[in-house]
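Novice: Those protein sequence lines, which keep their order, are chains A and B. Our numbering runs 7 ahead of the 1-based position in the first sequence. Our numbering runs 7 ahead of the 1-based position in the second sequence. The C-beta atom is built at its ideal place from N, Cα and C for all residues, glycine as well. The structure follows.
There are 2 protein chains.
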Amino acid sequence: MSLLDNIKRPTLLLDEQKCRQNIRWMAEKARKSDVTFRPHFKSHQSAVIGEWFREEGVTAITVSSVGMARYFRDAGWNNITVAFPVNLRELDEIDELAGKIHLNLLVNSPVVISDLAGKLRNPVGIFIEIDAGYHRSGLTQINSDLMHIIIDGCTRSNKLEFHGFLSHFGESYDARSPDEIKQIYSHNVNELQQIRCSLKPGQQGIISVGDTPTCNVLESFTGVDEIRPGNFLFNDVMQIEIGSCTTDQIAICLAAPVVDLYPSRNEVVVYGGSIHLSKERINSDGHEIFGLVVKLTENGWSQPLEECIVTQLSQEHGVLRLDSATMQSLKPGSLIGILPVHACLTADCMKRYLTLDGKQVSMFIRS
Amino acid sequence: MSLLDNIKRPTLLLDEQKCRQNIRWMAEKARKSDVTFRPHFKSHQSAVIGEWFREEGVTAITVSSVGMARYFRDAGWNNITVAFPVNLRELDEIDELAGKIHLNLLVNSPVVISDLAGKLRNPVGIFIEIDAGYHRSGLTQINSDLMHIIIDGCTRSNKLEFHGFLSHFGESYDARSPDEIKQIYSHNVNELQQIRCSLKPGQQGIISVGDTPTCNVLESFTGVDEIRPGNFLFNDVMQIEIGSCTTDQIAICLAAPVVDLYPSRNEVVVYGGSIHLSKERINSDGHEIFGLVVKLTENGWSQPLEECIVTQLSQEHGVLRLDSATMQSLKPGSLIGILPVHACLTADCMKRYLTLDGKQVSMFIRS
Chain A
8 MSLLDNIKRP TLLLDEQKCR QNIRWMAEKA RKSDVTFRPH FKSHQSAVIG
58 EWFREEGVTA ITVSSVGMAR YFRDAGWNNI TVAFPVNLRE LDEIDELAGK
108 IHLNLLVNSP VVISDLAGKL RNPVGIFIEI DAGYHRSGLT QINSDLMHII
158 IDGCTRSNKL EFHGFLSHFG ESYDARSPDE IKQIYSHNVN ELQQIRCSLK
208 PGQQGIISVG DTPTCNVLES FTGVDEIRPG NFLFNDVMQI EIGSCTTDQI
258 AICLAAPVVD LYPSRNEVVV YGGSIHLSKE RINSDGHEIF GLVVKLTENG
308 WSQPLEECIV TQLSQEHGVL RLDSATMQSL KPGSLIGILP VHACLTADCM
358 KRYLTLDGKQ VSMFIRS
Chain B
8 MSLLDNIKRP TLLLDEQKCR QNIRWMAEKA RKSDVTFRPH FKSHQSAVIG
58 EWFREEGVTA ITVSSVGMAR YFRDAGWNNI TVAFPVNLRE LDEIDELAGK
108 IHLNLLVNSP VVISDLAGKL RNPVGIFIEI DAGYHRSGLT QINSDLMHII
158 IDGCTRSNKL EFHGFLSHFG ESYDARSPDE IKQIYSHNVN ELQQIRCSLK
208 PGQQGIISVG DTPTCNVLES FTGVDEIRPG NFLFNDVMQI EIGSCTTDQI
258 AICLAAPVVD LYPSRNEVVV YGGSIHLSKE RINSDGHEIF GLVVKLTENG
308 WSQPLEECIV TQLSQEHGVL RLDSATMQSL KPGSLIGILP VHACLTADCM
358 KRYLTLDGKQ VSMFIRS
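Given below as structure tokens:
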């Protein structure tokens with residue numbers, strides 16, 4: 008039976024070839040810039056996909072939770088940065104993990120560094136997160152007193168080794184052109200450099216930056232030592248909207264069964280809702296868009312169909328506005344493809360992938 | 008150890024007492040109106056919580072997928088309506104289930120009724136979905152020809168029994184007062200009545216309606232035979248915004264560890280993001296709100312703290328804007344509570360509950 012005939016319910020298709028190309032492309036860019044490529048595994052959360060990175064020479068990774076770090080430790084990764092501020096309620100788990108692998112943590116507060124110094128039995132690397140403009144988490148230049156307390160805390164402890172400064176340029180998600188993205192990168196890297204230069208030589212550590220928009224768009228990574236993009240291996244409608252990838256680079260697609268057709272309003276209802284795609288949306292010319300629509304084939308999917316979009320999501324329902332030709336090609340039981348707005352959240356909702364050659368690919372499941 | 012001390016990661020707290028009160032209240036309203044109470048179990052998706060409904064006399068339920076129907080069949084429910092248009096790719100699963108329980112399906116198309124008639128070996132009940140104004144799925148008065156084909160399809164088959172008309176008044180979610188909600192109810196029930204009256208006596212079937220806003224607000228359910236609310240057992244910030252419940256009726260709350268404090272902007276960052284709460288939001292006075300903030304106690308949680316809201320969600324990060332007093336009461340490692348915008352999606356993200364007396368409550372996991 009064919010790939011598509013076998014699909015009964017909303018299914019997250021993964022184009023392994025495109026995905027491996029995205030991984031190889033980023034690994035090569037990092038090599039050319041002579042920066043460490045420490046990809047963020049929160050986007051795919053899969054040990055199987057992790058191996059595709061290993062084949063490109065990756066040995067160090069980033070995750071967003073202690074549980075996810077444990078999952079990838081079990082899959083053989085022994086150099087992991089948890090790029091999320093330390094959760095003091097998980098100190099025991101952190102300590103246990105630090106006894107087994109090289110673990111880096113994110114610390115933005117003297118309270119936390121003091122707790123870590125007092126309670127950890129195993130060594131960890133410490134990054135200070137810098138808020139270079141996103142205003143989610145991290146310290147800014149005016150917090151240099153806090154940075155010094157954290158670094159001093161590391162110096163005084165034989166368990167905590169200061170590794171440097173880490174930043175997520177999340178404001179790149181508000182950009183809408185490669186030029187805007189490059190400006191954000193330059194501005195933020197300049198800020199990180201200034202902060203590092205204010206420290207004594209020998210204390211300065213590395214500069215680690217992330218986010219897919221800048222890593223997709225920049226040709227070379229000047230001024231930094233490490234990049235941590237995650238989403239780039241899949242890409243999605245958000246990255247298209249930002250202008251950081253082409254539709255050819257999108258490597259996942261939700262296959263959704265058509266259940267109802269409403270020709271009078273050029274809409275179909277599919278089995279595929281917010282518990283499958285997530286409720287992430289973009290605003291485009293005043294319209295909310297929850298995904299772009301593609302035709303599925305046995306070898307993958309088409310370019311996005313012009314003016315065909317997901318206009319509404321309920322828990323299990325998706326409403327798609329289509330052109331007449333696409334409408335006429337469908338009937339109840341047909342399959343249609345949806346390119347997600349935010350690939351990481353869709354993957355997290357779906358909890359597994361199906362490759363185009365029919366392999367089931369499993370993921371980390373939160374406990 | 009206390010309930011709160013035991014919490015390490017984002018945890019969905021369930022106030023069993025409030026939840027049971029919400030269930031009892033709705034069951035009593037249904038009894039007084041002499042309508043069948045067929046609650047929608049997609050909101051909680053839990054066999055344990057299902058038993059709390061059984062204790063209130065519920066014997067028939069609604070679900071939103073075939074997989075969920077199978078899960079509740081395994082939990083002893085033998086009268087289930089799948090309130091989602093039939094997915095022809097699951098005919099085998101539907102047929103198998105129909106051989107074991109009384110199963111009702113939603114059919115809006117002649118193609119589907121003909122496929123069901125030709126392929127099912129076991130009997131099912133058939134509802135036609137009416138789109139009374141929501142414009143998601145369902146037929147309208149102008150589709151009376153389609154309705155007749157579907158009903159005739161049932162009449163001619165010895166497997167398909169026409170049960171009546173089912174509608175979800177989803178537009179009640181755009182209402183912002185009880186009066187608006189009551190108007191929607193009257194208008195839509197009137198439409199459903201007209202459709203039913205156009206059929207021959209003996210063919211007319213029942214009228215089944217759902218949605219929490221109308222079921223919460225209406226004192227009595229005139230003109231219908233069955234109600235199918237789901238969300239009401241939890242309620243959430245969306246229901247508050249609509250004006251369909253009080254904050255006292257909200258029965259779930261995400262406990263989130265505080266990981267970073269930013270006093271200069273009165274914000275804290277918590278471990279609790281869009282993979283925990285879902286990315287559902289409301290717009291209130293031009294601000295996007297992803298949740299309301301409460302203080303947690305060993306017995307539950309406070310009223311929402313004034314002007315304290317979740318302003319931003321990333322995959323694992325939540326950003327909360329707080330008042331100064333609340334800011335000062337917190338430190339890294341503190342726990343804070345978040346009332347979700349959309350309880351059903353939060354429950355689906357979290358996949359389990361923790362009751363205030365420390366019981367873990369499991370849920371349906373999609374295969």
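#1: Just to make sure I have the definition right: I need the residues of chain A whose C-beta is within less than 7 Å of the C-beta of residue 242 of chain B. Which are they?
#2: Assign residue 78 of chain A to one of three DSSP states: helix, strand, or coil.
#3: Are residue 215 of chain A and residue 160 of chain A touching if we call contact CB-CB under 8 Å?
#4: Can you find at least 3 beta carbon pairs, one from the region 278-289 of chain B and one from the region 209-228 of chain B, that sit closer than 8 Å?
#5: Using a beta-carbon distance cut-off of less than 7 Å, what residues from the region 351-369 of chain B approach chain A?
#6: Which residue comes first and which comes last in the alpha helix (DSSP H) that contains residue 200 of chain A?
#7: Here's the rule I'm using: 16 or more other beta-carbon atoms within 10 Å means buried, otherwise exposed. How should residue 331 of chain B be labelled?
#8: In chain B, which residues lie less than 8 Å from residue 276 of chain A when you measure between Cβ atoms?
#9: Any idea what DSSP makes of residue 55 of chain B, helix, strand or coil?
#10: Can you tell me whether DSSP reads residue 254 of chain A as helix, strand or coil?
#11: Using CA atoms only, rank isn't needed, just tell me which of B:351, B:240, B:344, B:233 is closest to residue 379 of chain B.
#12: Evaluate the contact criterion for the region 237-254 of chain A versus the region 266-275 of chain A: three or more CB pairs, one atom per stretch, below 8 Å.
#13: With a CB to CB cut of under 7 Å and the five nearest residues on each side skipped, what residues in its chain are close to residue 427 of chain A?
#14: Going by alpha carbons, who is nearest to residue 138 of chain B out of B:186, B:26, B:309, B:202?
#15: Against chain A, with Cβ distances strictly below 8 Å, would residue 51 of chain B count as a contact?
#16: Strictly below 8 Å CB to CB, what residues from chain A border residue 323 of chain B?
#17: Give me, in chain order, the residues of the same chain whose beta-carbon lies closer than 6 Å to that of residue 324 of chain A; leave out the 5 immediate sequence neighbours on both sides.
#18: Could you compute how far the alpha carbon of residue 28 of chain B sits from the alpha carbon of residue 363 of chain B?
#19: For residue 180 of chain A, which of helix, strand or coil comes out of DSSP?
#20: In the DSSP assignment, the beta strand (DSSP E) including residue 18 of chain B goes from what residue to what residue?
#21: Are there 16 or more other CB atoms within 10 angstroms of the CB of residue 111 of chain A, so buried, or fewer, so exposed?
#22: Could you give the residue range of the beta strand (DSSP E) that holds residue 215 of chain A?
#23: For the beta strand (DSSP E) holding residue 174 of chain A, just list the boundary residues, first then last.
#24: When the distance is taken between beta carbons, is residue 132 of chain A closer than 8 Å to residue 194 of chain A?
#25: Considering only DSSP beta bridges, list what residue 308 of chain A is partnered with.
#26: For residue 162 of chain A, count neighbouring Cβ atoms within 10 angstroms of its own Cβ and tell me buried if that reaches 16, exposed if not.
#27: Look at the Cβ atom of residue 15 of chain A, then the Cβ atom of residue 103 of chain B, and state whether they are nearer than 8 Å.
#28: So if I threshold CB-CB distances at 9 Å, which residues from the region 288-312 of chain A count as touching chain B?
#29: Have a look at residue 318 of chain A and residue 347 of chain A and give me their C-alpha separation to the nearest angstrom.
#30: Decide yes or no for the touch test of the region 288-301 of chain A against the region 51-58 of chain B: beta carbon pairs closer than 8 Å, at least 3 of them.
#31: Which first and last residues belong to the alpha helix (DSSP H) in which residue 163 of chain A is found?
#32: Please determine, among B:308, B:59, B:18, B:143, the residue with the shortest C-alpha to C-alpha distance to residue 320 of chain A.
#33: Are residue 34 of chain B and residue 63 of chain B close, meaning C-beta to C-beta below 8 Å?
#34: Taking the Cβ atom as the reference point for each residue, do residue 264 of chain B and residue 340 of chain B lie within a distance shorter than 8 Å?
#35: Here's a check: name, in chain order, each residue in its chain whose Cβ is nearer than 6 Å to the Cβ of residue 168 of chain A, leaving out the five neighbours to either side.
#36: Run the CB neighbour count on residue 251 of chain A, radius 10 Å, all protein chains shown included, and call it buried at 16 or more, exposed below.
Specialist: The answer reads as follows:
#1: The premise fails here: residue 242 of chain B is roughly 16 Å from chain A at the closest Cβ pair, so nothing lies under 7 Å.
#2: helix
#3: no
#4: With a cut-off of 8 Å on Cβ pairs, the region 278-289 of chain B is not in contact with the region 209-228 of chain B, counting fewer than three such pairs.
#5: 351, 352, 355
#6: 185-204
#7: With fewer than 16 other beta carbons inside 10 angstroms of its own, residue 331 of chain B counts as exposed.
#8: Neighbours of residue 276 of chain A on chain B, chain order: 92, 143, 144.
#9: Helix, per DSSP.
#10: Residue 254 of chain A falls in the helix class under three-state DSSP.
#11: Examination of residue 379 of chain B is not possible in this model, given that chain B is present from 8 through 374 alone.
#12: A contact is defined here as three or more CB-CB pairs under 8 Å, and the region 237-254 of chain A fails this definition with respect to the region 266-275 of chain A.
#13: In this structure chain A extends from 8 to 374, so residue 427 of chain A is not present and cannot be described.
#14: B:202
#15: Cβ-Cβ to chain A under 8 Å: no for residue 51 of chain B.
#16: Here the neighbours are 49, 71, 72, 91.
#17: 276, 280
#18: 15 Å
#19: helix
#20: 18-21
#21: The residue is buried, with at least 16 neighbouring Cβ atoms inside 10 Å.
#22: 213-217
#23: Per DSSP, residue 174 of chain A belongs to the beta strand (DSSP E) from 167-174.
#24: The Cβ atoms of residue 194 of chain A and residue 132 of chain A lie no closer than 8 Å to each other.
#25: Under DSSP, residue 308 of chain A forms a beta bridge with A:303.
#26: The residue is exposed, with fewer than 16 neighbouring Cβ atoms inside 10 Å.
#27: no
#28: 288
#29: Straight through space, the alpha carbons of residue 347 of chain A and residue 318 of chain A are spaced by roughly 12 Å.
#30: Contact between the region 288-301 of chain A and the region 51-58 of chain B is not established, with fewer than three Cβ pairs separated by less than 8 Å.
#31: In the DSSP annotation of this structure, the continuous segment of the alpha helix (DSSP H) that includes residue 163 of chain A starts and ends at 151-163.
#32: Of the candidates B:308, B:59, B:18, B:143, the one whose C-alpha sits nearest the C-alpha of residue 320 of chain A is B:143.
#33: yes
#34: In this structure, residue 340 of chain B lies closer than 8 Å to residue 264 of chain B by Cβ.
#35: 132
#36: Burial state of residue 251 of chain A is buried, judged by a 10 Å Cβ sphere holding 16 or more other Cβ atoms.
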